[in-house]
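Structure, as structure tokens:
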Amino acid sequence: MEVLSTLLAILASYTLFVIIRFVLNRQERHKILKRYGISGPEPHFLSGSMHKLKSGATPNDVITSWLKKYGNVYPSVSSGLKDDEIVANAYVFLLAGYETTANALAFTFYLLIKHPDIQEKLYQEIKDVEDSNYNSIQSIQYLDQVFSESLRYYPPLTGFISRACAEDHQVGSYTIPKGGIILAPVWDIHHDPKYWPDLWKFDPDRFSPEKKTSLNSMAYMPFGIGRRNCIGSRFAQLEAKLTIFRLVNKFKFETCEKTEDPLPLVCPTVVINPANVNISFVLLVSGKGSTEMEVFSTILVVLASYLGLVILRWAINRHQRLKLLKRHGIPGPEPSFLSGNMDTLKSEPTPNDLITSWLKQYGNVFGYYLGEIPYVVVNDLEMLKQIFIKDFNVFTNRQEMHLDVSPLNKTIIALKDKRWKEVRSLLTPTFSSGKIKLMTNIVDKKVDVTVAEVSKKAEENEMFDMYELIQGLTLDVIADCALAMKTHCQENPKDIFLIAVRDFFRFANNRAVEYAIMFPFVATIMTFISNYLTAGQMTTLMVDSVKSAIATRRKNPEIKSMDILQLMLDHSESVLKDGTGLTDEEIIANAYVFLLAGYETTATALAFTFYLLIKHPDIQERLYKEIEEVDDSSYNTIQGLQYLDQVFSEALRYYPPVTGFVSRFCSEDHQVGSYTIPRGATVLAPVWDIHHDPKYWPDPWKFDPDRFSSENKASLNTMAYMPFGIGRRNCIGARFAQLEAKLAIFRLVKRFKFETCEKTDDPLPLICPTVIINPTNGIYLRAVPRTTML
């Protein structure tokens, strides 16, 4: 039977299967992995074996044997094995026992196919041996000779037989310096004619009982020499001999067209590998009933072994990752092995209450995990100032996106380091006061529609969901300004674009995304299929719209609109010559993210503001008194309304829309206060808690716009107020969002008095499907025309 895959791959996989079966007993494996998988922490992994020992069972694996010997010793005696030493040595035994034994076996089979007479002699010795127990294998003399000579001819380890010199020391006529490493040249010793006559001859009889006694033991070191020789050599020899015995008993191995002679070798580490070992083998038909099913079973074992290696390696790495924060002295809730703390976070309508609870339990600095991704919550303003402002070079970027999906990976939110800085510099002029002033007319026209829609509902004395209506307004505004799309989401709540965007946010954080966070390989799969998902289809719709708008504007440069898309195009093309300008892909990506960020956050902020106004009619009336005589809704007028600014600023404090996104990625282990933030952790500012902390906001649950009066504003701690983030990566569109919101409040409060109704929630329940908090049931209210109140 011709084999397309190499024997080395088969033997490596089979070797791994033997090791895994030996270390984690097959009968107990699922129980151990289940305990290991649920909680993740190391003690759970070991307690399974301790439990079996106490119950009187004796599972046959290495870990249990260690626990049996040391489990009752190490709590009180310093010489016992610690948990991390048990885990570490189980890990190194896997690595050491995998590659070396696989290579030794592969080299043995290569020598057997090159010496068919020796293979035949070996077969004759073992063909009538029916028992493959330990004693039988150990007693097969020629099998031992063949494997021993193979280890001499091709010693797997040639660069690891070494010792460090602890002090200057005389050896022969040389002084070995302190710190020097002594290396035994195993390959040369094993092929030295002084010790091995006719050294390139494969001759198992060198190790016959008659000749073995005359060999120089120092000239043979496949398992090292001295007290630090390979502790697992007996195990490796048993595994190898048993494999040779079983395979040679069933198959005759032969050279094939791809068998190389001489055999090229590579040495990627300290273990020499055959570059290729290609052979063919013939099934020996005998009375022992060899069948195709046995071959199929062997293939299944190989595949299961390889899968076992992948899973075990992943499990060990994940186990270490879930210990990262603990190793750095950062407290926090115990993560589960698969989800980290994600399931706990998802069990609450919003994470805010849970974060508050954890802050009380663990203090102002604690950590948690999403999958294996570590997050550090910091509720100390001085530490946050260091992280977000002073040490920006270390905390430049945000956490990598869980899904590397275009165009999101090209947005200002996702870009990193130098390219982020370049793009931020290019986009900043787009949101200057002067440029935003030019867009006031677009916003005003969209608010005209809002006023008309509220008028209809007011005339009918109808209860309506202000949140739903405002979503239509903000989407109409940002679609026009960012995507050059003319939508009618306010007049038509069933607008396909509005439904698509709502679906995007509804499904943006679904179970599939959670699996992508827990298992990185799922993220890779989802990246490829994202365009076929609901969010991907909406993305395609928006991207196609922007591409079409860009093409139209370049084809007709004389036609210009004063919107975000046009400003990006104009500014980018003016600097494109030096190579730092925005690419079309980046323009599309950022137009897309401005839509997402500008739609939901502004809609939520406005909805919360109107909720607070209907719950505080005295404040609404005071606001009306400020604006009732103001006829002009220009940019300068809106910006000059002091109490309007106070009301909206306090609403953003009371209900900050974005509570889970003010964060920075730590690029290196870094000292912040008395803590070391580990590389790879994401620092999260708990916005909700900071905005409701009585240290900074007396009587925090009182809606009091006077906190932001001219007299009081100067005394506020700027780090305690972050509705638009903090530091250099704060919200680039903050000015635009505030203009839109204030203009909408101005126009609506001027025309209508808003009141509670039968469906108004009190208290207001919240949900947080993404990083933005939303009112669970909307914001129901009534509008009364001001003209009817005269």
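If you read the sequence shown in the numbering used here, its first letter stands for residue -12, the second for the next number, and so on. For each residue, glycine too, the CB sits at the ideal point set by N, CA and C.
Does residue i come out as helix, strand or coil in the three-state DSSP assignment?
i           : result
residue 240 : strand
residue 650 : strand
residue 740 : strand
residue 609 : helix
residue 325 : coil
residue 145 : coil
residue 151 : strand
residue 381 : coil
residue 531 : helix
residue 298 : helix
residue 374 : helix
residue 690 : coil
residue 769 : strand
residue 182 : coil
residue 362 : strand
residue 627 : coil
residue 569 : coil
Evaluate residue i with the Cβ neighbour count: other Cβ atoms within 10 Å of its Cβ, from every protein chain shown; 16 or more gives buried, anything less gives exposed.
i           : result
residue 299 : buried
residue 327 : buried
residue 406 : exposed
residue 205 : exposed
residue 587 : buried
residue 634 : buried
residue 580 : buried
residue 458 : buried
residue 97  : buried
residue 725 : buried
residue 637 : buried
residue 380 : exposed
residue 441 : buried
Between residue i and chain D, is there a C-beta pair that is closer than 8 Å?
i           : result
residue 191 : Given the protein chain composition of this structure (a single chain), no chain D is represented.
If I measure Cβ to Cβ from residue i and keep anything under 7 Å in the same chain, skipping five residues before and after, which residues do I get?
i           : result
residue 612 : none
residue 88  : 2, 223, 226 and 227
residue 221 : none
residue 136 : 189, 190, 191, 193 and 194
residue 180 : 186
residue 275 : Only weak support is given to the placement of residue 275: the predicted model assigns it a pLDDT of 44, under 50, and the value that follows is read from those uncertain coordinates. There are no such residues.
residue 250 : 97 and 261
residue 174 : 142 and 145
residue 216 : 210
residue 715 : 379
residue 477 : 436, 437, 440, 456, 459, 460 and 463
residue 138 : 91 and 209
Please work out which residues of its chain come closer than 8 Å, Cβ to Cβ, to residue i, disregarding the five sequence neighbours upstream and downstream, and give them in chain order.
i           : result
residue 429 : 464, 467, 468, 549 and 550
residue 574 : 533, 537, 552, 555, 556 and 559
residue 232 : 113, 116, 119, 124, 127 and 130
residue 531 : none
residue 346 : 353, 364, 366, 673 and 676
residue 663 : 315, 316, 656 and 657
residue 155 : 162, 163, 164 and 165
Apart from the five residues on each side of it in sequence, which residues of its chain come closer than 6 Å, Cβ to Cβ, to residue i?
i           : result
residue 242 : 100
residue 333 : none
residue 578 : 469, 470, 533 and 552
residue 505 : 325, 326 and 358
residue 168 : 149 and 151
residue 672 : 371 and 649
residue 675 : 339 and 646
residue 424 : 622
residue 398 : 576, 577 and 580
residue 767 : 450, 452, 744, 746 and 747
Please look up how many angstroms separate the CB atoms of residue i and residue j, rounded, as I've assumed it's under 8 Å.
i           : j           : result
residue 692 : residue 630 : 7 Å
residue 368 : residue 706 : 4 Å
residue 784 : residue 592 : The chain is shown only over -12 to 777; residue 784 falls outside these bounds and no answer can be derived.
residue 762 : residue 739 : So it is not a contact: roughly 20 Å between Cβ atoms.
residue 735 : residue 438 : 7 Å
residue 413 : residue 568 : 7 Å
residue 722 : residue 744 : Residue 722 to residue 744, Cβ: 34 Å. No contact.
residue 361 : residue 667 : 7 Å
residue 614 : residue 737 : 5 Å
Complete alpha helix (DSSP H) runs within the segment 191 to 229 (minimum length 4 residues, chain order): 196 to 199
Mind listing, in chain order, the continuous beta strand (DSSP E) runs of no fewer than 3 residues lying wholly within the segment 384 to 457? none
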